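2 protein chains.
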Amino acid sequence: MDKMNDEFSLAKTRLAKDIVGEIVMSESPEKVIKKWRSIFKVSQKRLANELGITPSVISDYESGRRKSPGIKMIKKYVDSLLMIDEERGGQITRSFAKPEDSGASVSSAVIDIKEFHSGMPASEFCRRINAGLVVKANSEKEIYGYTLIDSPRAITELSFSELVKLYGLTTQRALIFTKTTTGKTPMVAIKLTSMKPGLVILHGLSVVDEVAKRIAEAEGIPLAVCRLRSVDDIVESLRDVQ
Amino acid sequence: MDKMNDEFSLAKTRLAKDIVGEIVMSESPEKVIKKWRSIFKVSQKRLANELGITPSVISDYESGRRKSPGIKMIKKYVDSLLMIDEERGGQITRSFAKPEDSGASVSSAVIDIKEFHSGMPASEFCRRINAGLVVKANSEKEIYGYTLIDSPRAITELSFSELVKLYGLTTQRALIFTKTTTGKTPMVAIKLTSMKPGLVILHGLSVVDEVAKRIAEAEGIPLAVCRLRSVDDIVESLRDVQ
DNA sequence: AAATAAATAAGTCAATTATCGATTATGGAT
DNA sequence: ATCCATAATCGATAATTGACTTATTTATTT
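Protein chains in written order, with the numbering used here: chain A, 477 to 718; chain B, 477 to 718.
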């Protein structure tokens, strides 16, 4: 998977969610459904063909005769629009790509990222990757995923606002900073962006900076130090976390 | 409506769409549905009460017995979660707010914003607000909304990446820059961010800068000059656009 | 360990969707 | 005025959802 394609599928996935969100939350979903088909310039016939149904069915959705289509149908509808566009070169999808989809900078700083289906207490997450809690505030709070960050890269290569963007994704998640020296910079960044991850894990150091600790305490963010040697070990330990 | 409340409802609306998008596009929507209820720490009973149904129905959705719930149900489900959270002070919703929801900077530069349900050719949009096309490339392309920008503010007060964010919202839309002097700065900004609005309208000038024109031509973006005197006149002309 | 609350499961039935096929507009081109 | 493609409407039908009870299993709390 080359980078081009990776970026495209990122944009596609995000756009799909956006479209679906707009459809479902709208006061008149029919209109929104229709609007997107017309944006993608796909005829009912072509789309019906892709979906393996009759054009009249599509008309029914778009006219509002079916007031509450099932989510499977909506998913297929949107997936098909995006697939047809991709066959045509992905023009429309690309035109809706947001800057953050390019991921040029962000993704190079993010080593790994995962979502859980059920919550896991911060303390248990720590155990899994052999991390010791330094600040225990709220360590029983549940987290629902993690982001593993190459911190030298994140700090030096990303702009402040890109950091904000990165951190914005992380509430209810664990943020793991690798290759840190004192832990001060990441915690200051967290403070400045006024974001509250569910857990912060520092890697690559032994003694945690006092300022970093104080910030964690003040913000009520549990802070831990991971004792695994390499970044690969961390990735490995997290492999089978559901 | 005070600003606090405005920001909150923005965060709420966006979060609702995000949750719905995640549910619908997921391989196993049941799990995602359940995950969000548990994030909001709402019991099936409490939620069922809010929805006016029996707890077992909720269990049905979350166990996957109903494989494709209707979008109306999903909307109610998510709306109820957010409503319950709001009654409790909106803690969880707030914790998911993204920096851009605060809108402190962006919204001060955006004067007006609207979405259309059906497309309108760029040329027709120009007629509506008494704007003359200077660069006619792609002026028959359809647009689906507009963003009216206070450009002095946008240029001086917003950072580059916030501009990117702003421009990212604008593909397939008309961007109207008010109070411009030559039109060069906005077009250079567009070039730099490599974003392609469906139409750019400049307001407040008579002669368009040559560089601005050349950029528009090269990028294939139709460019027009609006002859209405005040910004209020523009807002007024756009009032009854569907 | 008992008691209470929360969540899941199974059986049932009415209301709706999902779907078709045939018919009837609509809106451009010729 | 006519033709063609696209879209909308409508009636009929099988499949599912939306929903209720009641019973059972699985946490929590005491």
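Glycine included, each C-beta is placed from N, C-alpha and C at the ideal position.
Quick caveat: nothing in here was measured; it's all calculated off a predicted structure.
Bounding residues of the alpha helix (DSSP H) (the contiguous stretch that carries residue i)
i       : result
G714(A) : Checking the displayed sequence, the identity of residue 714(A) turns out to be Leu instead of Gly. Counting along the chain, the alpha helix (DSSP H) containing L714(A) begins and ends at V707 to L714.
A524(A) : Q520 to L527
V717(B) : That residue, V717(B), is in no alpha helix (DSSP H); it is neither H nor E in DSSP.
S504(A) : Careful: S504(A) lies outside any alpha helix (DSSP H) and carries neither H nor E.
P531(A) : P531 to S539
R564(A) : No alpha helix (DSSP H) holds R564(A); DSSP gives it neither H nor E.
Rounded C-alpha distance that separates residue i from residue j
i       : j       : result
R629(A) : A585(A) : 5 angstroms
F653(B) : K517(A) : 28 angstroms
S591(B) : S485(A) : Per the sequence shown, the amino acid found at residue 591(B) is Glu instead of Ser. In a straight line, the C-alpha of E591(B) is about 26 angstroms away from that of S485(A).
Q567(A) : K617(B) : 14 angstroms
A492(A) : D685(A) : 43 angstroms
I589(A) : V717(A) : 12 angstroms
R603(A) : L624(A) : 16 angstroms
L704(B) : D494(B) : 39 angstroms
P662(B) : I697(B) : 13 angstroms
T658(B) : P597(B) : 25 angstroms
V701(A) : T656(A) : 10 angstroms
I550(A) : V496(A) : 7 angstroms
Y620(B) : L651(B) : 11 angstroms
S627(B) : E693(A) : 42 angstroms
A607(B) : S571(A) : 25 angstroms
I587(B) : V508(A) : 24 angstroms
I560(B) : I677(B) : 43 angstroms
K510(A) : V533(A) : 13 angstroms
P505(A) : I499(A) : 5 angstroms
G595(B) : P531(B) : 43 angstroms
D478(A) : R542(B) : For D478(A), the predicted model reports a pLDDT of 44, less than 50, meaning its position is unreliable and no value from the coordinates is stated.
S713(A) : G680(A) : 16 angstroms
V610(A) : K689(A) : 8 angstroms
E695(A) : T489(B) : 26 angstroms
L558(B) : G540(A) : 26 angstroms
S637(A) : R513(B) : Low confidence applies here, because S637(A) scores a pLDDT of 46, under 50, leaving its location unreliable; read the following figure in that light. Rounded to whole angstroms, S637(A) to R513(B) spans 31 angstroms at the Cα level.
L527(B) : V664(B) : 51 angstroms
D482(B) : R522(B) : 27 angstroms
T569(B) : K552(B) : 16 angstroms
K672(B) : V554(B) : 34 angstroms
M706(A) : R564(A) : A quick correction: the sequence has Ser, not Met, at residue 706(A). If you take the alpha carbons of S706(A) and R564(A), they lie about 44 angstroms apart.
S556(B) : Y537(A) : 25 angstroms
L699(B) : S599(A) : 57 angstroms
S581(A) : S615(A) : Because S581(A) sits at a pLDDT of 48, beneath the cut-off of 50, its placement in the model cannot be relied upon, and the following sentence gives the value as read from the coordinates. Spanning the two alpha carbons is a distance of roughly 31 angstroms.
D708(A) : A524(B) : 45 angstroms
S635(B) : I691(B) : Any answer about S635(B) is weak, because its pLDDT of 49 lies below 50 and its placement is not dependable; what the coordinates show is given next. Rounded to the nearest angstrom, the two C-alpha atoms are 22 angstroms apart.
E562(A) : Y622(A) : 31 angstroms
F601(A) : H593(B) : 46 angstroms
Run of the beta strand (DSSP E) containing residue i, from where it starts to where it stops
i       : result
T654(A) : A650 to T654
A700(B) : L699 to C702
L681(B) : L681(B) -> no beta strand (DSSP E), and no H or E assigned at all.
K590(A) : V586 to P597
D623(B) : Correcting the residue identity first, residue 623(B) is Thr in this sequence and not Asp. Element bounds for T623(B): E618 to D626.
A607(B) : A607 to V611
Nearest-angstrom beta carbon gap, residue j and residue i [assumed within contact, 8 angstroms]
i       : j       : result
V683(A) : K660(A) : Not a contact, Cβ separation roughly 11 angstroms.
I547(B) : S544(A) : 5 angstroms
A573(A) : A487(A) : 4 angstroms
R715(A) : G674(A) : Going by Cβ atoms, the distance from R715(A) to G674(A) rounds to 21 angstroms, so no, they are not a contact pair.
S535(B) : Q520(B) : 6 angstroms
I710(A) : I605(A) : 6 angstroms
Residue i CB to nearest heavy atom of the ligand MN below 7 angstroms
i       : result
D536(B) : This structure lacks the ligand MN; in fact it carries no ligand of any kind.
(request) Name, going along the chain, the residues of the stretch 614–625 of chain B whose beta-carbon falls closer than 7 angstroms to a beta-carbon of chain A. (result) Y620
(request) Compile a chain-ordered list of the residues in the stretch 537–551 of chain B whose CB is closer than 8 angstroms to at least one CB of chain A. (result) Those residues of the stretch 537–551 of chain B that come within reach of chain A (Cβ to Cβ, closer than 8 angstroms) are K543, S544, P545, G546, I547, K548, M549, I550 and K551.
(request) Using a Cβ-Cβ cut-off of less than 9 angstroms, give me the residues of the stretch 486–497 of chain A that come near chain B, in sequence order. (result) Taking 9 angstroms as the Cβ-Cβ cut-off, the stretch 486–497 of chain A approaches chain B at T489, R490, A492, K493, D494, I495, V496 and G497, given in chain order.
(message) Counting only Cβ-Cβ distances shorter than 7 angstroms, please list the residues of the stretch 587–605 of chain B near chain A, keeping chain order.
(response) For chain A, the residues of the stretch 587–605 of chain B that bring a beta carbon within less than 7 angstroms of one of its beta carbons are H593, S594 and G595, in chain order.
(request) Can you give me, in chain order, the residues of the stretch 694–710 of chain A that have a beta carbon less than 9 angstroms from any beta carbon in chain B? (result) none
(request) Residues of the stretch 503–527 of chain B with a CB closer than 7 angstroms to any CB of chain A: list them in chain order, please. (result) Here the close residues are P505, K507, K511, S514 and I515.
(request) Taking only beta carbons into account, state which residues of the stretch 556–572 of chain B come closer than 7 angstroms to chain A, listed in chain order. (result) S571 and F572
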